[in-house]
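Below is one structure, written out as structure tokens; comments come after it.
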Amino acid sequence: MLEKNFIEVYEKFELQFFRRVFEQVKERDGSLSAMEAFSLEVIYLLNEPTVGQFADFLNISQSNATYKVNSLIKKGYIKRQNSQVDRREYHLVLSEKFLNYVGLFNQYEHTVMQRCEERFPHEDVQKFDEILSVISKELMPECDS
Numbered sequence: 024m025l026e027k028n029f030i031e032v033y034e035k036f037e038l039q040f041f042r043r044v045f046e047q048v049k050e051r052d053g054s055l056s057a058m059e060a061f062s063l064e065v066i067y068l069l070n071e072p073t074v075g076q077f078a079d080f081l082n083i084s085q086s087n088a089t090y091k092v093n094s095l096i097k098k099g100y101i102k103r104q105n106s107q108v109d110r111r112e113y114h115l116v117l118s119e120k121f122l123n124y125v126g127l128f129n130q131y132e133h134t135v136m137q138r139c140e141e142r143f144p145h146e147d148v149q150k151f152d153e154i155l156s157v158i159s160k161e162l163m164p165e166c167d168s
């Protein structure tokens, strides 16, 4: 039952995410393709990766990753920033344009969390928060960047 309920909740978040991606994807000059929107999400979640880290995470070639990154830079969603450690390397930093875009994506998650806080006792919400923290930090090591 736990797995079924978890999958149901996860799939609803996915559907809402896909709805928002396709609302943002428009057929006009400078707009994002669905693949670019997904690439932006990965860059966002990897927290300022290098192009190599981006490529490695997606298991794509460096040249393919560079092509995607250059397109996102040209459209103004990300910028290159030299690494403080190795000046030959640069990190992918999200632009203000992206931050406005991502705000649209986080609204639904925020709404659901507010609804949880309104619907359930404070102790249950705290326990749920603890459980989510353990899942994220201990039970999903493959997703750590």
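FYI, the numbering for the sequence shown is 24 to 168, going by the numbering used here.
In this text, a Cβ means the ideal position worked out from N, Cα and C, and glycines have one as well.
With DSSP collapsed to three states, give me the class of residue i.
| i | result |
| --- | --- |
| Asn105 | strand |
| Leu55 | coil |
Can you check whether the CB of residue j is closer than 8 Å to the CB of residue i?
| i | j | result |
| --- | --- | --- |
| Gln107 | Tyr113 | no |
| Lys98 | Ser62 | no |
| Pro193 | Leu122 | Residue 193 lies beyond the stretch modelled for the chain, which goes from 24 to 168, so this question has no answer here. |
| Leu81 | Ile101 | no |
| Ala88 | Val74 | yes |
CB-CB under 7 Å to residue i, same chain, minus the five flanking residues each way: which ones, in chain order?
| i | result |
| --- | --- |
| Val44 | Ala57, Ala60 |
In chain order, what residues of the same chain have a beta carbon less than 8 Å from the beta carbon of residue i, not counting five sequence neighbours either side?
| i | result |
| --- | --- |
| Ser94 | Glu59 |
- prompt: Could you give the uninterrupted runs of the alpha helix (DSSP H) lying entirely in the segment 65-90, keeping only those of 4 residues or more?
  reply: Entirely contained in the segment 65-90, the alpha helix (DSSP H) runs reaching 4 residues are, in chain order, 74-81.
task: At 3 residues or longer, and completely inside the segment 97-166: list those beta strand (DSSP E) runs for me, N to C.
output: 101-105, 113-117
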